[in-house]
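Residue numbers for the sequence shown follow our numbering, beginning at 2 and rising by one.
Input: a single structure, listed below in structure tokens.
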Amino acid sequence: MDIATLALVHAILAERGIRRAAKASGRPPASVSAALKRFEAAIAVPLVRRERGNLVPTLEAQSRMADLAAATEAIQSLLQPRTPLWPEAHRQAPSSPQRGEGGPQGRIRGTANSERAGTPPSSPRIRPALLPVVEKTEPIANAQTPCPSISLIALERFIAVARSGSIRAAAKASATGQPQLTRQMNDLERDLGYTLLARSPSGITCTAEGLAAIPTVENLLEIWRRLSRASGDRFRRAAATWRFGSVMPLGPESEIARMLAALTAKWHRARPRQPLFVSSTTADELIAGLKNRRFDVVLLDLETFPSEFEGSLISRTPLALAGHPALFAKHGNDIAALLQSHPIAVPSLKSGLRQQAAHFIEATLTEQERNRLTLTEVDSIPVILNLVMDHGYLSVLPESSAARVRNPPAMRRLGDSYMQSLSLAWQKNALSRQVAEAMLGMMLADEISGSTDPRD
């Protein structure tokens, strides 16, 4: 990780856009986008989602905004150092390291004519009260000069050198080559634009600006430790977690809800060290999640699924037109009049259930009649059920699952060609197949009421 990435991610979240952050930070949009991907990969958490062309911070991102803002403030302080206590003559361009400090002997910087130039205290533990106050500056996001890509490792090694007072000792402690560490310190000073360390035959001392940078660097490193520590714990848990995606159950009494509950309980007993994460969404999103490996196994309300996956059909349940009993009493067997007289609540086109409902409506009504329908899309089966029972809506629901709910709606079966099919799908590899078969056994260990035509 580097300070430019931290600053750019904070700018992205604050500006809510890649291009706006790029303009504010003076970086190309591609570099800003790469910084976001780099940071998300490092902490194993998505920070933004896209809504109508805008980037919206996730809840995880919002919880990290305080740390990112503090990191940006620390970076700003690091790049615009405190005014030194000693004359400007003390600030010199980094020179070649001295003998015993990773390079050939040369002019000793920071020691010759020290009385005339003004010599800083030799100990990095100078009292904070002697350090000058930080001047107010504009945030890095508004700076015209891009933030340099200084790695946090280089900053950590600067602290080690400052504390030990020797390049040799710091190189030995960090298992780093002495020439490599010397080059890293020279590069760090070049990127910051000021001198941190003064070399001499007796060792290393900090310049005034180096001393002022120490608490800032330590604060920045601590912020990153907080972020990376949380992501490390999450990554270790995620690596052991199996992710199961399912279409949304009709309710607690539904076939899907019962299968998921049986799977969760039996999985916990059989594999206590491998957590199972269960999430419900639409069929399209489940397939997309299986493709990008957000899910390991998915339960779809489809009979067929993409050929790139393996799978098994679990059950086929008849579908029914559901509504308040008074509606059916009013219209009798005239289903076409019933559909045209009342609003219809259906899931979005991303669900298999909606596809079946669409087929039924197309087969029942003419195109002109369909154009006059009132369709309300709701991707929540419990909400649809409440609309049916309490607000005069119709819907197409699995007959057996709807019959189990408290105060079930009146239902008319659609016919043998209209079924809710439940299929389990997984990636084509031996491990996924083994896990999916174990899940299937746990889900179907008890007899499932209302399911027909189960297949292996």
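We put the CB at the ideal spot given by N, CA and C, even for glycine.
It should be emphasised that the depicted structure is a prediction, and the values quoted were computed from it without experimental measurement.
TODO: Return the residue from the list S247, S201, S152, T217 that minimises the CA-CA distance to E74.
DONE: When only C-alpha atoms are compared, the closest one is T217.
- [ ] Would you check if the distance between the CB atom of L156 and the CB atom of L56 is smaller than 8 Å?
- [x] At a Cβ-Cβ threshold of 8 Å, L156 and L56 do not count as neighbours.
Task: Near the ligand ATP: S78 beta-carbon under 7 Å from a heavy atom - done: What this structure holds is no ligand at all, so the ligand ATP is not there to describe.
Task: Short Cβ contact (8 Å threshold) for L303 with F296 - done: Against a cut-off of 8 Å, the Cβ pair of F296 and L303 comes out as no contact.
Open item on the list: On the CB-based measure, 16 or more other CB atoms within 10 Å of its CB, does S381 come out buried or exposed?
Closed with: The residue is exposed, with fewer than 16 neighbouring Cβ atoms inside 10 Å.
Task: CA-to-CA distance, L189 to D3, given in whole angstroms - done: Going by C-alpha positions, D3 is about 12 Å away from L189.
Open item on the list: Looking only at its chain, what residues have a beta carbon closer than 6 Å to the beta carbon of S34, apart from the 5 residues adjacent to it on each side?
Closed with: These residues qualify, in order along the chain: I19.
Task: Residue span of the beta strand (DSSP E) that contains Q421, given as start and end - done: For Q421, the enclosing beta strand (DSSP E) has its first and last residue at 420 to 428.
- [ ] Specify the secondary structure class of L415 as computed by DSSP and reduced to three states.
- [x] Three-state DSSP puts L415 in coil, outside helix and strand.
Task: Residue environment, A266, which counts as buried when at least 16 other CB atoms sit within 10 Å - done: With fewer than 16 other beta carbons inside 10 angstroms of its own, A266 counts as exposed.
- [ ] Compute the distance between the beta-carbons of H360 and Y419, then report whether it is under 8 Å.
- [x] Inclusion of H360 and Y419 in the CB contact set at 8 Å is warranted, their separation being smaller than that value.
Open item on the list: For R227, tell me which candidate among A364, A43, L261, I336 has the shortest Cα-Cα distance.
Closed with: Nearest of A364, A43, L261, I336 to R227, Cα basis: A43.
TODO: Look up L56 in the DSSP assignment and say whether it is helix, strand or coil.
DONE: In the three-state scheme derived from DSSP, where H, G and I count as helix and E and B as strand, L56 is classed as strand.
Open item on the list: Please state whether the Cβ-Cβ distance between S401 and T282 is less than 8 Å.
Closed with: Taking 8 Å as the Cβ cut-off, S401 and T282 do not qualify as a contacting pair.
TODO: Count the C-beta pairs between the region 147 to 163 and the region 175 to 195 that are closer than 8 Å, then say yes if the count reaches three, no if not.
DONE: Put simply, the region 147 to 163 touches the region 175 to 195. At least three CB pairs are less than 8 Å apart.
Open item on the list: With a threshold of 8 Å, are at least 3 pairs of Cβ atoms found where one atom belongs to the region 326 to 343 and the other to the region 418 to 433?
Closed with: With a cut-off of 8 Å, the region 418 to 433 and the region 326 to 343 do not count as touching, because too few Cβ pairs lie within range.
Open item on the list: Which residues does DSSP list as the beta-bridge partners of G204?
Closed with: Looking at the DSSP assignment, G204 forms a beta bridge with S201.
Open item on the list: Tell me the rounded alpha-carbon separation between F278 and E363.
Closed with: Taking the straight line from one Cα to the other gives about 38 Å.
Open item on the list: Can you list, in chain order, the residues of its chain with a C-beta nearer than 8 Å to that of V10? Leave out the 5 residues immediately preceding and following it.
Closed with: If we look at V10 and ignore the five residues flanking it on each side, its Cβ neighbours are A36, L37, F40, L48, L69.
Open item on the list: DSSP three-state label for S352, please.
Closed with: In this structure, S352 counts as coil in the three-state DSSP scheme.
Task: Beta-carbon contacts of L376 that lie in its chain and below 7 Å, excluding the five residues immediately before and after - done: If we look at L376 and ignore the five residues flanking it on each side, its Cβ neighbours are I345, V347.
- [ ] For the region 224 to 290, list the beta strand (DSSP E) runs that are entirely contained and at least 3 residues long, ordered along the chain.
- [x] Fully enclosed beta strand (DSSP E) runs of 3 or longer: 243 to 247, 277 to 281.
TODO: Within 10 angstroms of the Cβ of A271, are there 16 or more other Cβ atoms? Answer buried if so, exposed if not.
DONE: The residue is exposed, with fewer than 16 neighbouring Cβ atoms inside 10 Å.
- [ ] Check whether the Cβ atoms of V389 and Q357 sit closer than 8 Å, and answer yes or no.
- [x] Going by C-beta atoms, V389 is not nearer than 8 Å to Q357.
Open item on the list: In the DSSP output, what is G324 paired with across the bridge?
Closed with: BP columns for G324 point to A411.
Open item on the list: My assumption, with CB atoms under 8 Å, is that V248 sits in contact with S152. Please give the rounded CB distance.
Closed with: The Cβ separation is near 46 Å, so there is no contact.
- [ ] Kindly confirm or deny that the region 242 to 261 and the region 298 to 317 touch, where touching means at least three C-beta pairs closer than 8 Å.
- [x] The answer is yes - the region 298 to 317 touches the region 242 to 261, with three or more Cβ pairs under 8 Å.
Open item on the list: Using 8 Å as the cut-off, can you tell me whether the region 200 to 210 makes contact with the region 56 to 65, which would need three or more C-beta pairs spanning the two stretches below that distance?
Closed with: Not touching, per the Cβ criterion.
Task: Reference I205; option with closest CA among A170, Y195, R191, S229 - done: Nearest option by C-alpha distance: A170.
TODO: Just tell me which of M444, P58, K24, R191 has its CA closest to the CA of E256.
DONE: Residue M444 is the option with its Cα nearest to E256.
Task: Burial state of N187, where buried means 16 or more other Cβ atoms lie within 10 Å - done: Buried: at least 16 other Cβ atoms inside 10 Å.
TODO: Note down, in chain order, each residue of its chain lying with its Cβ closer than 8 Å to the Cβ of N408, except the 5 sequence neighbours on either side.
DONE: The residues are M390.
Open item on the list: Just to confirm my understanding: we take G252, look at its own chain, exclude 5 residues before and 5 after, and list those with CB closer than 8 Å. What are they?
Closed with: Correct list, in chain order: A258, I382, P383, L386, S402, R405, V406.
Task: As assigned by DSSP and simplified to three states, the class of I141 - done: Since pLDDT at I141 reaches only 45, below the 50 mark, its modelled position is unreliable, and the value read off the structure follows with that caveat. Residue state, collapsed to three classes: helix.
Open item on the list: According to DSSP, simplified to helix, strand and coil, what is G442?
Closed with: When secondary structure is reduced to three states using DSSP, G442 falls in the helix class.
TODO: In angstroms with no decimal places, state the Cα-to-Cα distance between A439 and S313.
DONE: Taking the Cα positions, A439 is about 13 Å away from S313.
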